[in-house]
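Residue 3 is where the sequence shown starts when you use our numbering, and the numbers rise one by one after that.
Have a look at the structure below, then the notes.
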Amino acid sequence: MEKCGTVFYLKVFRSHCQLPVQSRTSLRSFWFPLFPLYQVSLWQLSPISPPYGPLQLTVGPRMAPPSDSGMMQAVVFHGPYKVAVEQRPIPKVQNPEDIVVKVGYTALCGSELHMFRGVEPAGTGFVMGHEFVGEIVETGSAITTLQKGDRVVTAFTTSCGECFYCKQGWSSRCDKSGLFGCDNLDGGQAEYARIPNAEGSVLKAPEGVDEKYLVLMGDIFPTGWFAAKNAFKNSTPEQIAEQTVVLIGCGPVGLCALINALEYKPKHILAVDSVPSRLELAKSLGAEPWNFQLDRAGLDKRVLELTNGRGADAVIEVVGLSPALRTGFELLRPFGTISSVGVHNGEIPWDGNDAYNKNLTVQMGRCPVRSVSAQALEVLKKNQHKLGFMADKIMPLSQAVEGYELFNAMKVQKVIFKADE
């Protein structure tokens with residue numbers, strides 16, 4: 003542990019954290035712990051297991067609340083396995099299209115572990131976080147549809163609403179897009195946040211939705227909606243009613259995808275993971291759980307049994323690992339669809355001939371959250387009573403270092419920070 007003023011760092015003492023990113027083949031970015039399923043030993047990937055020993059963590063004292071000095075507390079990234087709660091200046095409007103919000107709740111997303119673990123190269127010194135909800139406290143001169151006092155949730159990428167991609171409903175590829183929580187745009191794990199291109203990026207908070215769940219609209223719930231939509235978009239309701247779907251990965255995004263997939267009413271949904279608690283959640287939501295690590299042969303047999311030997315009609319993959327994609331490919335029938343929202347760093351595990359022989363349809367990529375927010379929000383409203391597991395750990399922002407440690411160790415399903423504590 004290092005101390006510098008009021009900045010406290012979390013450090014991990016294990017040798018492979020110092021390896022170049024390209025050398026860490028066992029540390030692919032991931033949201034869900036399916037690694038042991040693919041003959042990768044647990045100790046290579048677990049943040050708390052041998053041979054390197056446990057995380058060495060001491061949580062610093064609670065930060066002082068913001069004062070009239072114009073300062074706030076914020077979670078700042080300082081390199082792999084180092085985050086700190088620091089005092090930073092409260093952001094101000096910089097451009098006419100900006101707004102500034104006072105953050106209410108802000109969540110820790112699994113994709114942020116990519117940078118935290120050093121798998122995804124990043125700069126340092128920026129504020130983390132891309133899932134947050136808050137109240138507008140300042141608006142730029144070009145803002146006409148939003149006003150001070152409005153409560154809003156923002157997509158994890160900004161979007162202008164006017165370019166070719168935004169007009170097509172592909173806001174995640176906006177010409178002016180920025181990603182919150184990286185070295186060119188501070189994120190929302192802070193008491194205040196600046197939102198560029200605000201009118202094309204935020205959604206006004208609706209009545210009747212708990213803000214602990216509304217914060218999921220920043221990323222993971224719309225991403226789950228997008229994954230389900232792409233799995234079924236080439237099928238009619240009558241066809242879907244007879245279909246068998248395999249969901250690979252039952253972490254937060256996977257379970258959001260499951261909730262959305264159930265809205266389409268397929269005949270069977272099989273949920274695949276290696277973590278018993280996640281499989282229990284999938285079962286409670288309505289899926290047939292399968293522990294891939296314990297019985298891959300049984301899973302193969304079950305899929306064939308349910309489909310008269312054809313294979314799954316669709317696969318939803320949310321892991322972000324090539325072996326997970328390969329498993330989905332192997333379970334899929336000819337003319338089937340793979341819908342993948344996992345963040346992949348590895349190679350695609352099939353070649354052109356494989357795809358040709360299966361008449362494969364694949365949809366991969368980042369969810370255009372702002373473009374699909376209205377549709378996804380309707381599903382969240384209907385199902386928010388099922389989302390209690392997503393708020394299983396609510397912590398003050400001042401305890402964010404501990405929150406990262408818990409989430410990194412997979413001891414909680416989701417971490418949500420209350421920004422004003």
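Cβ coordinates follow ideal geometry from the N, Cα and C atoms, glycine included.
Note that the structure is a prediction, hence the values are computed from the model and not measured.
Asked: Opposite Ala109 in the DSSP bridges: which residues?; Found: Glu133, Ile418
Asked: For the 8 angstroms Cβ check, are there 3 or more pairs between the stretch 137 to 149 and the stretch 238 to 253?; Found: no
Asked: According to DSSP, is Gly405 part of a helix, a strand, or is it coil?; Found: helix
Asked: Using only alpha-carbon positions, find the residue among Gly202, Glu88, Gly190, Thr160 that is nearest to Ala109.; Found: Gly190
Asked: Can you check the stretch 148 to 186 for any beta strand (DSSP E) of at least 3 residues that lies completely inside it and give the ranges in chain order?; Found: 153 to 156
Asked: In terms of DSSP beta bridges, what is Trp292 paired with?; Found: Val274
Asked: With three or more C-beta pairs closer than 8 angstroms as the rule, is the stretch 86 to 105 touching the stretch 182 to 201?; Found: yes
Asked: Just the C-alpha distance for Ala316 and Ala86, rounded to the nearest angstrom, thanks.; Found: 42 angstroms
Asked: Give, in chain order, every unbroken run of the beta strand (DSSP E) that is at least 3 residues long and sits entirely within the stretch 235 to 280.; Found: 246 to 250, 270 to 275
Asked: Determine whether the beta carbon atoms of Val320 and Gly256 lie at a separation below 7 angstroms.; Found: yes
Asked: The alpha helix (DSSP H) spanning Phe391 covers which residue range?; Found: Note, Phe391: premise wrong, no alpha helix (DSSP H); not H, not E.
Asked: Between Glu423, Gln401, Lys395, Gly202, which has its C-alpha nearest Met412's C-alpha?; Found: Lys395
Asked: Between Ser161, Gly338, Tyr215, which has its C-alpha nearest Lys1's C-alpha?; Found: Since the first and last residues shown for the chain are 3 and 423, residue 1 lies out of range.
Asked: Please look up how many angstroms separate the CB atoms of Asn361 and Phe337, rounded, as I've assumed it's under 8 angstroms.; Found: 5 angstroms
Asked: Whole angstroms is fine: what's the gap from Gly313's alpha carbon to Lys303's?; Found: 10 angstroms
Asked: Just to confirm, are Asp100 and Gly163 a CB contact at a threshold of 7 angstroms?; Found: no
Asked: Straight-line CA distance for Gly288 to Lys388?; Found: 11 angstroms
Asked: Between which two residues does the alpha helix (DSSP H) carrying Pro98 extend?; Found: That residue, Pro98, is in no alpha helix (DSSP H); it is neither H nor E in DSSP.
Asked: Please determine, among Arg119, Leu205, Lys267, the residue with the shortest C-alpha to C-alpha distance to Thr159.; Found: Leu205
Asked: Inspect the beta-carbon positions of Cys165 and Cys176 and report whether they are closer than 7 angstroms.; Found: yes
Asked: What's the C-alpha gap between Val345 and Ala263?; Found: 20 angstroms
Asked: Which residues bound the beta strand (DSSP E) around Arg298?; Found: Per DSSP, Arg298 belongs to no beta strand (DSSP E); it is in the alpha helix (DSSP H), 298 to 308.
Asked: I'd like to check one pair, Ala233 with Ile318: are the Cβ atoms closer than 7 angstroms?; Found: yes
Asked: For the stretch 144 to 160 against the stretch 72 to 80, are there 3 or more C-beta pairs whose distance is under 8 angstroms?; Found: no
Asked: Indicate whether Gly220 and Val155 have their beta-carbon atoms separated by less than 7 angstroms.; Found: yes
Asked: According to the Cβ coordinates, are Glu213 and Tyr107 closer than 7 angstroms?; Found: yes
Asked: My output table needs one value for Arg328: the three-state DSSP class, helix, strand or coil.; Found: helix
Asked: Rounded to a whole number of angstroms, what is the C-alpha to C-alpha distance between Met278 and Phe294?; Found: Per the sequence shown, residue 278 should be read as Pro rather than Met. Between Pro278 and Phe294, the C-alpha separation is close to 11 angstroms.
Asked: Which partner residues of Met74 appear in the DSSP bridge assignment?; Found: Arg90
Asked: Classify Ala144 as buried or exposed, calling it buried when 16 or more other Cβ atoms lie within 10 Å of its own Cβ.; Found: exposed
Asked: Out of Gly354, Gly180, Arg119, Gly127, point me to the one whose CA is closest to Gln89's CA.; Found: Gly127
Asked: Less than 7 angstroms between the beta carbons of Ala284 and Pro291, yes or no?; Found: yes
Asked: Are the beta-carbon atoms belonging to Met397 and Lys416 less than 7 angstroms from one another?; Found: no
Asked: Looking at the secondary structure, which residues open and close the beta strand (DSSP E) in which Gly338 lies?; Found: 334 to 342
Asked: Run through the DSSP bridge pairs and tell me what Ala192 is partnered with.; Found: Ala76
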